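K.L.:
In the numbering used here, the protein residues as written are 35 to 401.
1. In this structure, what does DSSP give as the bridge partners for residue 206?
2. Leaving out five residues before and five after residue 203 in sequence, what residues of the same chain have Cβ atoms less than 6 Å from its Cβ?
3. In the DSSP assignment, what residue or residues form a beta bridge with residue 199?
4. Which term fits residue 289, buried or exposed, when burial requires 16 or more other beta carbons within 10 angstroms of its beta carbon?
5. Checking 9 Å against the spacing of the C-beta atoms, do residue 159 and residue 91 come in under that value?
6. What would DSSP say about residue 144, mapped onto helix, strand or coil?
7. What would DSSP say about residue 385, mapped onto helix, strand or coil?
8. For residue 309, which option in 169, 109 and 155 has the closest C-alpha, if you only look at C-alpha atoms?
9. Under DSSP, the beta strand (DSSP E) around residue 310 begins and ends at which residues?
10. Could you give the residue range of the alpha helix (DSSP H) that holds residue 212?
11. Does the separation of the CB atoms of residue 172 and residue 232 fall below 9 Å?
12. Quick check: the Cα distance between residue 322 and residue 254, rounded to an integer number of angstroms?
13. Does DSSP put residue 345 in a helix, in a strand, or in coil?
14. Specify the secondary structure class of residue 179 as computed by DSSP and reduced to three states.
15. Kindly list the residues whose CB is nearer than 7 Å to the CB of residue 115, restricted to its own chain and excluding five residues on each side of it in sequence; keep chain order.
16. Alpha carbon to alpha carbon, how far is residue 200 from residue 281? Give it in angstroms, no decimals.
17. Is residue 71 helix, strand or coil by DSSP?
18. In angstroms with no decimal places, state the Cα-to-Cα distance between residue 221 and residue 292.
19. Could you work out which residue in 383, 295, 361 and 192 is closest to residue 134 when comparing CA atoms only?
20. Does DSSP classify residue 56 as helix, strand or coil?
Next comes the structure, spelled out in structure tokens:
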């Protein structure tokens, strides 16, 4: 999906460039998006603390699927930027360590808020997307809803602040005590699994503990009902009969929801960490990219495309800047570890760059 979205952005850039040459105007073109991001502004044009005296680096640890990078890849660019800020500005630099999920982040931030003064810069180094930095999907809340003999286990987890992944498993407690006991003992393991893997695991257990309806099975899957060949057709029909003729023990659903409380929990940490004339920098892929347009089937549901904080917003850095009242910046398009380092250094050195979105706050929204 992320690759698909990136392709949309690339195609829209070519289209908007063509329209520009024809003296046409497109509100959400990448050309106009660059202007709205002030990507050609000089550092002296910004109401920004210079030189930075206190810097906080936040390397987020997670492994991107299908990537050859190790989960600690972000620590090396953090070391490079630490050396840069100390040598160039003689700044005091602090780093968060071992941030594997958002619970780790909030725990360290709470401790830091009690011990440290606000920073002139906070720089995130992470994987990311159109809705900000990404960490490993981790449970932050769960609930068991019981109505008579019907129970519903709901697990809430998050990869990006403000987007809540919901996994719900509904089951009848009167049907099978072995299944009930298994859920009670193993539910926390499901958060680290793909929803399809959870479904297969529970279906495997269901096959072990829930008997077949023999009448149903003989009616549809007796030897004379199965095709003589080929073998794969017989196996496929047997598997189908296993599903049809065994009363299911559960129903599983998954969804992604916008969860404003978690988003504002995150942005409040940014407001408390960064001085009013400070900078929030998201070193990741796409926080500065123009928001992709919603498709007709509404499959793209993003924070920046929602009505949150007066949205929809042009990009994630526009959204964060509006909430925090801080200058916020982030790359347009994909970014490697080297790109993140280069963009921060070029920014601090006063060099304009095309692929960096810089947003100054206008109206700050209540959190």
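Glycine included, C-beta positions come from ideal geometry on N, C-alpha and C. Keep in mind the model is a prediction, meaning the values are calculated, not measured.
P.N.:
The short version:
1. Beta-bridge annotation (DSSP): residue 206 is paired with 184.
2. Excluding sequence neighbours, residue 203 sits near 187, 284 and 286.
3. The secondary-structure analysis by DSSP pairs residue 199 across a beta bridge with 191 and 290.
4. Classification of residue 289: exposed, given that the 10 Å Cβ count is below 16.
5. Cβ distance < 9 Å, so residue 159 and residue 91 count as in contact.
6. Three-state result, residue 144: helix.
7. In the three-state DSSP reduction, residue 385 falls in the coil class, being neither helix nor strand.
8. Residue 155 is the option with its Cα nearest to residue 309.
9. Here the beta strand (DSSP E) through residue 310 covers 308-317.
10. First-last of the alpha helix (DSSP H) with residue 212: 211-220.
11. No, Cβ-Cβ distance for residue 172 and residue 232 is not below 9 Å.
12. Their backbone Cα atoms lie some 57 Å apart in a straight line.
13. Note: residue 345 maps to coil in three-state DSSP.
14. For residue 179, the three-state secondary structure derived from DSSP is strand.
15. 91, 157, 375 and 378, listed in sequence order.
16. Computed Cα separation, rounded: 25 Å.
17. If DSSP states are grouped into helix, strand and coil, residue 71 belongs with coil.
18. Looking at the two C-alpha atoms, the distance is approximately 23 Å.
19. Of 383, 295, 361 and 192, the residue nearest in Cα terms is 192.
20. Low confidence applies here, because residue 56 scores a pLDDT of 29, under 50, leaving its location unreliable; read the following figure in that light. Three-state result, residue 56: coil.
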